[in-house]
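Here is the structure we will look at, set down as structure tokens.
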Amino acid sequence: MVTDFAEHNAEVQEMWAAYHRREPTRVPIIFGINPRYTMNRPEANPEGIGFTEYCADPAKMLRRQLEHQHWIRHHLPQDTEMGLPAKGWHVSVDFQNTYEAVWFGCPLRFHDHQVPDTTPILDDDHKRMLFDQGIPDPFSGGLMSQVWEYYDYFQSQIKAGYEFTGRPLLSAGVPGLGTDGPVTVACNIRGATEFFTDLLAEPDYAAELLSFITEATITRIRAYREHFGHPAKNQGYGFADDSIQLLSPAQYREHILPHHRRLVEAFSEGGPNSIHLCGDATRHFKTLRDELNIQSFDTGFPVDFAALRAELGPDVQIQGGPSVPFLCTHGPAGVRQEVKRILESGVLEGRRFVLREGNNLAPEVPLANAVALYEAGREFGRY
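Letter by letter, the sequence shown follows residues 55 to 437 of this note's numbering.
This is the structure:
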């Protein structure tokens, strides 16, 4: 467990510098964590705020994020800055992974002890509805008017000198500059069963829907980049599309790759690019590397790390580790052995591996297991 935060932060800063120089001495270790991990922890959420309240009140969203960050920084070891932030706090308007579907018009739903979700709107009687309505306004369509209202609230707190535990609130972000991917969004707004049936039975409609979603996504991201003064393109671009795990390599190449290419070409100067893919999607990685210059893969599960490294070669960055179900159901000793197994699989060839949970730390993962992952990574991830 980390006790000297200053020493930890100095060591981590040098570790990352060495990694980016391609001279790492050990494997970097991170976690994907958002406020759901601490929602049911009274010590981190003393007011017991749930997602319904969190999403309904920007003041509660702000407070909950800061309490979450404070707890994570003091209890969960990883290769990021720990302890109080040196300069101040950074927050973001957060409706979890619903914002794109709600932007297109899907209703937002809340369930007990779960993250918010949405329900599809494009049933068989209304499957062309979005084509008739056109691309939603990037700033006022669906949920986005609320997103920007919350963003304005956060900005007002920054200007008012808001502090938490003696550190100022420095910046706030909004969702919408990225995307969960056209296939995943299609599943959200049409329904997964319906969309993949369309792909086989009505491929022209499926292609039209994917094209509409991709064009809308590009329109929104461009509008936000312009609003914030960001460059139209960056050297590299990163996105996600978890639902491609449901496709064969041939189906991906025929039906989806052209839309992913449009996204990448819209925002990348050529790469290297990156992608997040949960689920059983590694059969697509070589195509993504070769066709889109994806050089960094953030993985979920299941993943055969030895086979993946052998296929992609030593120069591609792979992020991954023990699956979240494994971390939920095994003890610290089992986690230690699983980390050892992964790090000794051959995935460290090229020194381009980042250890993390696969993927996104669930509330059911005991803190002791996260600590065990970090400590095992430091023990077995030495070069």
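Just so it is clear, CB atoms sit at the ideal spot from N, CA and C, and this is done for glycine as well.
Task: Nearest to His74 (by Cα), restricted to the options Asp369, Asp296, Glu280, Phe185 - done: Asp369
Open item on the list: Taking 7 Å as the threshold (C-beta atoms), are Pro89 and His122 in contact?
Closed with: yes
Task: heavy atom of the ligand NAP below 6 Å from Thr152 C-beta - done: Inclusion of the ligand NAP in the displayed structure is not the case, the ligand content being empty and no account of it being possible.
Open item on the list: Given this structure, state the Cα-to-Cα distance separating Met93 from Glu256, to the nearest angstrom.
Closed with: 42 Å
- [ ] Could you check the C-alpha separation between Asp171 and Cys241 for me, to the nearest Å?
- [x] 13 Å
Open item on the list: For Gln343, count the other beta carbons within 10 Å of its own beta carbon; 16 or more makes it buried, fewer makes it exposed. Which is it?
Closed with: Sequence inspection shows Arg at residue 343; the Gln mentioned does not correspond to that position. Result: buried.
TODO: Could you please give the first and the last residue of the uninterrupted alpha helix (DSSP H) stretch that includes Asn242?
DONE: 236-244
Task: Assigned exposure category for Phe363 - 16 Cβ within 10 Å defines buried - done: The sequence given here has Arg at residue 363, not Phe. Buried: at least 16 other Cβ atoms inside 10 Å.
- [ ] Pull up the DSSP beta-bridge partners for Ser322, would you.
- [x] Answer by DSSP bridge pairing, in chain order: Asn288.
- [ ] Return the chain-ordered list of same chain residues with a C-beta closer than 6 Å to the C-beta of Cys332, the five sequence neighbours on each side being excluded.
- [x] If you ignore the 5 residues before and after Cys332, its C-beta comes within less than 6 Å of the C-beta of Asp296, Gly354, Asn413, all in its own chain and listed in chain order.
Task: Ordered list of alpha helix (DSSP H) runs contained in the region 170-237, each at least 4 residues - done: Segments of the alpha helix (DSSP H) lying fully in the region 170-237: 183-187, 198-213.
TODO: State whether the region 181-190 contacts the region 129-144, with contact taken as three or more CB pairs (one from each stretch) at a distance under 8 Å.
DONE: no
Task: Pick from Glu203, Ile272, Phe249 that is closest to Gly232, judged by C-alpha positions - done: Comparing C-alpha distances from Gly232 to each of Glu203, Ile272, Phe249 shows the shortest one belongs to Ile272.
Task: C-alpha gap between Phe339 and Tyr306, whole angstroms - done: Roughly 11 Å between the two C-alpha positions.
TODO: Please report how far the alpha carbon of Gly245 lies from the alpha carbon of Leu381, in whole angstroms.
DONE: Gly245 and Leu381: Cα-Cα distance of roughly 30 Å.
Open item on the list: Would the region 62-71 count as touching the region 389-397 if we require 3 or more Cβ pairs under 8 Å?
Closed with: no
Task: Phe355 - containing alpha helix (DSSP H), residue span - done: No alpha helix (DSSP H) contains Phe355, which DSSP labels as neither H nor E.
Task: Complete alpha helix (DSSP H) runs within the region 90-155 (minimum length 4 residues, chain order) - done: Runs of the alpha helix (DSSP H) inside the region 90-155: 105-110, 112-129.
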